[in-house]
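One structure is given here, and the rest of the page talks about it.
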Amino acid sequence: MVEPAGHALSPRALMVPGRPGAALLGCELPPRVLRVRLFLDAGISLGADERSEIRHVLYRWLVAPSGAELELPGEPGLSWRDAVVTDASDWDSLFEDGSCELAFTCFDPVAYGEGKSSAASTLTVGGTWATWPVVEMTALAGSSVKVADGLGRYVLVEREFAAGDVVLLDFASEAVTVEGEAAPADVAVESTFFSLAPGSHTLAFSGCSAHTVEWVERWL
Numbered sequence: 005m006v007e008p009a010g011h012a013l014s015p016r017a018l019m020v021p022g023r024p025g026a027a028l029l030g031c032e033l034p035p036r037v038l039r040v041r042l043f044l045d046a047g048i049s050l051g052a053d054e055r056s057e058i059r060h061v062l063y064r065w066l067v068a069p070s071g072a073e074l075e076l077p078g079e080p081g082l083s084w085r086d087a088v089v090t091d092a093s094d095w096d097s098l099f100e101d102g103s104c105e106l107a108f109t110c111f112d113p114v115a116y117g118e119g120k121s122s123a124a125s126t127l128t129v130g131g132t133w134a135t136w137p138v139v140e141m142t143a144l145a146g147s148s149v150k151v152a153d154g155l156g157r158y159v160l161v162e163r164e165f166a167a168g169d170v171v172l173l174d175f176a177s178e179a180v181t182v183e184g185e186a187a188p189a190d191v192a193v194e195s196t197f198f199s200l201a202p203g204s205h206t207l208a209f210s211g212c213s214a215h216t217v218e219w220v221e222r223w224l
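Quick note: the sequence shown uses the numbering used here, first residue 5, plus one each step.
So, in structure tokens, the structure goes:
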């Protein structure tokens with residue numbers, strides 16, 4: 005695999021009259037391109053028809069118009085999502101030892117690592133990029149459940165709960181379900197679905213008898 009030494013950012017800037025350069029407004033993390041050399045190695049001697057069949061099966065496998073998950077031998081435990089082949093070299097040989105280079109554009113440029121789960125209030129997030137948690141709470145009988153972080157951000161769900169109701173908060177999609185039924189109208193307007201940066205976090209839970217936090221480590 006050949007990959008860039010780092011992530012090149014796409015800056016947003018504004019020209020300001022009377023000053024050199026421009027004012028930096030922010031940056032975006034663009035899609036990531038990973039180049040991989042692919043070897044046609046069947047391990048046995050093949051006829052021309054068999055080699056052709058393998059190549060065409062490979063072509064079909066590489067066409068993923070909706071994007072696919074990419075796992076590479078040189079990056080164990082990591083995968084990239086929304087990946088498509090955007091460039092391919094010619095085969096250097098059509099025989100058993102042939103190879104080519106493929107360029108995979110990963111439109112989600114931050115790799116996904118190991119999935120984690122915690123039933124504690126304090127948890128440690130690994131990786132090098134923020135992740136979005138999924139929180140499951142078992143409600144007490146009452147009128148609300150709430151989860152908050154140490155920065156004052158929180159998600160509050162207000163409705164009449166029966167003891168044992170399962171409340172699921174998906175922070176990435178800002179979705180809430182109660183007993184499997186969507187409950188967007190029950191989310192307080194001041195709620196903020198927050199991400200968890202790498203490091204230690206202490207979360208506060210109220211209105212529930214048990215909770216579980218799940219997340220996937222993200223890696224630049």
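From the three backbone atoms N, C-alpha and C, an ideal C-beta is built for every residue, glycine too.
* To do: Tell me whether L207 sits in a helix, a strand or coil according to DSSP, three-state version.
  => Reduced to three states, the DSSP call for L207 is coil.
* Taking the CB atoms as reference points, tell me whether F175 and F198 lie closer together than 8 Å. => A contact, by the Cβ cut-off of 8 Å.
* Asked: Taking the DSSP output, what are the residues bridged to F43?
  -> Looking at the DSSP output, F43 bridges to S103.
* Might you give, ordered along the chain, the residues of its own chain that have their beta carbon closer than 6 Å to the beta carbon of L106, omitting 5 neighbours on each side? => Taken in chain order, the residues that qualify are V40, L42, V89, A92.
* To do: Under 8 Å Cβ to Cβ from S125, same chain only, skipping five residues before and after it: list those, please.
  => The beta carbon of S125 is closer than 8 Å to those of T206, L207, A208, F209 in its chain, skipping five residues each way along the sequence.
* Asked: In terms of alpha-carbon separation, which member of S213, S70, G71, T135 lies closest to A143?
  -> Comparing Cα-Cα distances from A143 to each of S213, S70, G71, T135, the minimum goes to S213.
* Asked: What residue from L155, V180, A201 has the CA that sits closest to E3's CA?
  -> Examination of residue 3 is not possible in this model, given that the chain is present from 5 through 224 alone.
* Reference G130; option with closest CA among Y116, V139, A123 -> When only C-alpha atoms are compared, the closest one is Y116.
* Which one of G51, L44, E7, L50 has the shortest CA to CA distance from L243? -> Within the shown structure, residues of the chain are numbered from 5 to 224, placing residue 243 beyond reach of any answer.
* Could you spell out the range, first to last residue, of the alpha helix (DSSP H) harbouring L62? => For L62, the enclosing alpha helix (DSSP H) begins and ends at 52-66.
* 3 or more residues per run - each beta strand (DSSP E) lying fully within the segment 146-211 -> For the segment 146-211, whole beta strand (DSSP E) runs of length 3 or above, ordered along the chain, are 146-152, 158-165, 170-174, 179-182, 203-206, 208-210.
* Can you tell me the Cα-Cα spacing of C110 and A192, whole angstroms? -> Whole-angstrom Cα-Cα distance: 35 Å.
* For A123, the nearest candidate out of V217, H11, V20 (CA to CA) -> Measuring from the Cα of A123, the nearest candidate turns out to be V217.
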